[in-house]
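Enquirer:
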């Protein structure tokens, strides 16, 4: 599988980091809003503490992260083909 030669987010042009993808990229706002924003106001700095505090929060965040990453990878694969 070829990877993009740029470290730039293909959706918004910001640096494409894990933190950017999960917490900031507008492409994934819908997923974050459906699962997190209304119930929690977490950011990357609060993630670990929040996940360790409550199993439900852990499972919710894990689901959101898996969903975002899997959709992003699927879209990247589609663009490469």
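Residue numbers (our numbering): 5 to 85.
For each residue, glycine too, the CB sits at the ideal point set by N, CA and C.
Going straight from the alpha carbon of residue 14 to that of residue 75, what length do you get?
Expert: Here residue 14 is taken as the residue at index 10 of the chain shown, counted from 1. Here residue 75 is taken as the residue at index 71 of the chain shown, counted from 1. The C-alpha of residue 75 is placed about 13 Å away from the C-alpha of residue 14.
Enquirer: Considering Cα atoms alone, identify which of 39, 16, 38 is closest to residue 28.
Expert: For the purposes of this step, residue 28 is identified with residue 24 of the chain shown, where counting begins at 1. Residue 16 is the option with its Cα nearest to residue 28.
Enquirer: Taking the DSSP output, what are the residues bridged to residue 12?
Expert: As a working mapping, residue 12 is identified with position 8 in the chain shown. Paired residue(s): 19.
Enquirer: Could you give the residue range of the alpha helix (DSSP H) that holds residue 30?
Expert: Counting from 1 along the chain shown, the entry for residue 30 is found at position 26. Where residue 30 is concerned, there is no enclosing alpha helix (DSSP H), given that its DSSP letter is neither H nor E.
Enquirer: By how many angstroms is the C-alpha of residue 66 removed from the C-alpha of residue 54?
Expert: Locating residue 54 in the chain shown gives position 50, where the first residue counts as 1. Locating residue 66 in the chain shown gives position 62, where the first residue counts as 1. Rounded to whole angstroms, residue 54 and residue 66 show a C-alpha spacing of 12 Å.
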